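Here's the structure we're looking at; comments come further down.
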Amino acid sequence: MQPGNVHIVARDDARQSLVFGLTWFALVGSHIAPMARARARQLRATHYVAGGLRAAAGGCARIGRQARRAPLYAAAQAYAHLHPDGAVACVVALPEGHHWLVAAQDGAVLARADRLYASADAAHLALHELCELRPELQVLDGADVLARLQQALDPASRLLAVDTRWGGLPWPVRAFAVGLTGVLAAPQLWHYVAAGRESERPTAAIDTDAIWREAVHAWRAGLRVHTPADLHRVVRSLYDLPLAVKGWRLQRAQCVPDAAAWRCAAHFERVLPQATHDDLAGAAPAGWQARFEALGLSTWHWQVPGAGMSLASLPVRQRAFISDLQRVALAFTDVQLGPLVPLAPPAPRDAGGLPLPPPDTPGVLPQLRSRTVSLSGPLRSFGVLAWDGVPTFWSSISLRLEPGRSAALAASVVVAQLQGTLYEQH
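Residue numbers in the sequence shown follow full-length UniProt numbering, run continuously in steps of one, and reach 426 at the last position.
In structure tokens form, the structure reads like this:
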């Protein structure tokens with residue numbers, strides 16, 4: 001694997017970047033993160049990611065040092081997390097003339113489906129070939145995909161650094177290598193020590209634990225989570241959607257968070273020939289905007305306040321939350337939990353630019369882990385969802401209609417799906 005075989009697109013604030021063009025592989029088993037890391041090491045990659053709900057996949061890439069300054073996120077993994085059900089694919093135009101082919105099935109990125117092409121024709125030809133191999137793929141419009149991915153970077157899509165083989169060597173081998181290096185370097189080192197003895201100055205001791213604590217706090221401050229009030233406001237806005245209005249019928253809706261609020265869109269189809277776009281626009285709630293899409297399609301757009309807060313401002317729950325989830329599961333048709341993925345802050349660096357070793361003091365480096373979560377069920381079930389005490393970043397909530405479905409505790413014509421990433425401390 002050679003560096004430079006990926007394309008990196010930074011957000012406007014340059015604080016995070018999306019990485020396109022990873023190498024992907026299927027993962028089978030319950031410990032997907034170690035398996036993905038091992039496979040990435042075999043491929044001589046520098047970074048890896050693992051994820052999925054019903055299916056699991058891992059991706060890796062070799063990324064140059066200059067591109068590692070900002071947190072990196074796997075674009076294909078973020079796309080897959082937006083589509084946890086079914087098989088989907090699309091072509092997305094990227095900056096600098098690149099065109100990106102992406103495909104996912106049941107929340108996992110497909111192999112050979114995170115590819116970059118120099119032209120739109122080449123990308124669509126590859127998409128056509130992929131659809132012939134996988135007839136179940138549903139081709140979606142990729143016009144707004146890049147903007148959606150940049151608005152809400154899912155923590156579960158963050159690329160993790162692959163550790164080196166040095167740490168895995170037996171300690172006698174490492175001790176021998178260090179000793180041999182010392183013997184070879186001793187004469188030259190003594191020369192420099194003797195020459196600079198007069199100008200030597202005492203240096204202040206470095207409080208490694210304090211530096212690590214600051215790094216951990218800054219890292220956790222960059223992880224955003226939503227409060228129960230944030231989620232309830234979004235759900236209440238979906239309650240305001242009519243199933244039919246002025247000759248238009250609701251098809252679907254989705255809300256996705258960005259840095260300051262949730263951005264929502266509801267799609268309507270015209271079912272009566274006399275219905276007009278102006279009719280639909282006039283029926284929109286106050287503050288909502290109507291947009292014309294096609295002769296038979298129009299949309300409502302609105303925003304819901306809810307910037308969330310940083311993970312550093314909340315205590316991370318240490319006890320298991322499974323019981324809480326089991327209590328509410330009866331009100332949902334489907335509840336999916338992804339595998340635990342260990343999280344670690346980037347190592348702080350000393351004055352010379354070298355990474356500091358991990359702290360020896362217990363408790364300085366938290367044992368923080370994340371897992372994806374997806375809940376599907378009647379929209380009314382989300383209005384009573386109790387999620388207090390579990391720090392969670394919600395990546396999207398979507399709504400669809402299933403006409404003809406009989407009403408029950410976990411069944412309704414109006415079905416919603418909520419996806420996110422929750423954090424646990426062990």
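Each residue gets a CB set at the ideal place from its N, CA and C atoms; glycine is no exception. Remember, it's a predicted structure, so these values are computed and weren't measured experimentally.
Identified DSSP bridge partners for residue i
i, result
"H267", "R252, T299"
"V245", "W248"
"V6", "None, per the DSSP bridge assignment."
"R12", "The residue you asked about is not Arg; residue 12 is Asp in the sequence shown. In DSSP, D12 forms no bridge with anything."
"S310", "R224"
"V392", "For clarity, residue 392 is Thr in the given sequence; the question names Val instead. For T392, which the question treats as bridged, DSSP gives the partners H226, L422."
"A218", "Answer by DSSP bridge pairing: none, since A218 is not bridged."
"R371", "L422"
"D73", "What sits at residue 73 in the sequence shown is Tyr, not Asp. Looking at the DSSP assignment, Y73 forms a beta bridge with L18, R158."
"G59", "W24, V49"
"F292", "S298"
"A108", "Q105"
Assigned exposure category for residue i - 16 Cβ within 10 Å defines buried
i, result
"D230", "buried"
"A207", "Residue identity differs from the one stated: residue 207 is Asp in this sequence, not Ala. It counts as exposed."
"G377", "buried"
"G420", "buried"
"A76", "buried"
"A143", "exposed"
"A38", "exposed"
"Q274", "exposed"
"E402", "exposed"
"E293", "exposed"
"S298", "buried"
"S313", "exposed"
"R220", "buried"
Of the listed residues the options, nearest to residue i (C-alpha basis)
i, options, result
"E96", "T392, K246, H7, L159", "H7"
"C90", "I211, L375, H124", "H124"
"A259", "F393, G21, V49, L330", "F393"
"E136", "L127, T276, D144, W288", "L127"
"P355", "L53, A74, D163", "D163"
"W100", "L22, L160, H83", "L22"
"L140", "F382, A122, A118, H83", "H83"
"L250", "A284, V256, H232, D85", "A284"
"A218", "T276, V328, P348, T46", "P348"
"S417", "Q151, H81, Q42", "For clarity, residue 417 is Gln in the given sequence; the question names Ser instead. Ranking Q151, H81, Q42 by Cα distance to Q417 puts H81 first."
"W302", "H267, F332, D12, L325", "H267"
"I322", "R371, R236, D106, A10", "R371"
"W300", "L223, A290, G306, T361", "A290"
"W387", "P362, H226, L130", "H226"
"R400", "G389, V390, P391, V415", "V415"
"V328", "G308, F382, W288", "F382"
"P242", "D85, G338, L280, W212", "L280"
Three-state secondary structure (DSSP) of residue i
i, result
"D114", "strand"
"A80", "helix"
"A329", "helix"
"A351", "coil"
"I397", "strand"
"H47", "strand"
"H124", "helix"
"H98", "coil"
"V225", "strand"
"R405", "coil"
"T276", "coil"
"E198", "Because E198 sits at a pLDDT of 43, beneath the cut-off of 50, its placement in the model cannot be relied upon, and the following sentence gives the value as read from the coordinates. Residue state, collapsed to three classes: coil."
"S323", "helix"
"D334", "strand"
"E129", "helix"
"residue 440", "Beyond the ends of the chain as shown, which are 1 and 426, falls residue 440; an answer cannot be given."
"P342", "strand"
"P34", "helix"
"Q151", "helix"
"L169", "Per-residue confidence for L169 stands at a pLDDT of 47, beneath the threshold of 50, marking its modelled position as unreliable; no derived number is given."
"A281", "helix"
"W212", "helix"
"V139", "strand"
Integer Cβ distance of residue i from residue j, believed to fall under 8 Å
i, j, result
"L422", "V384", "At roughly 19 Å, the Cβ-Cβ gap does not stay under 8 Å, so L422 and V384 are not in contact."
"A61", "A50", "That belief does not hold up - the Cβ atoms of A61 and A50 are roughly 13 Å apart, past 8 Å."
"A253", "L238", "6 Å"
"L340", "R369", "5 Å"
"G64", "Y48", "No, G64 and Y48 are not in contact; Cβ-Cβ is about 16 Å, not under 8 Å."
"A104", "V88", "6 Å"
"Y73", "L153", "5 Å"
"L116", "F20", "6 Å"
"S396", "V256", "5 Å"
"V109", "V145", "14 Å between Cβ atoms; not a contact."
"L149", "D106", "Contact doesn't hold; Cβ gap of about 19 Å is too wide."
"R405", "S412", "7 Å"
"Q425", "P366", "6 Å"
"V216", "P358", "Their Cβ separation, rounded to whole angstroms, is 11 Å, which puts V216 and P358 out of contact at 8 Å."
Any non-hydrogen atom of the ligand ADP within 6 Å of residue i CB
i, result
"L146", "Absent from the structure shown: the ligand ADP. Ligands present: none."
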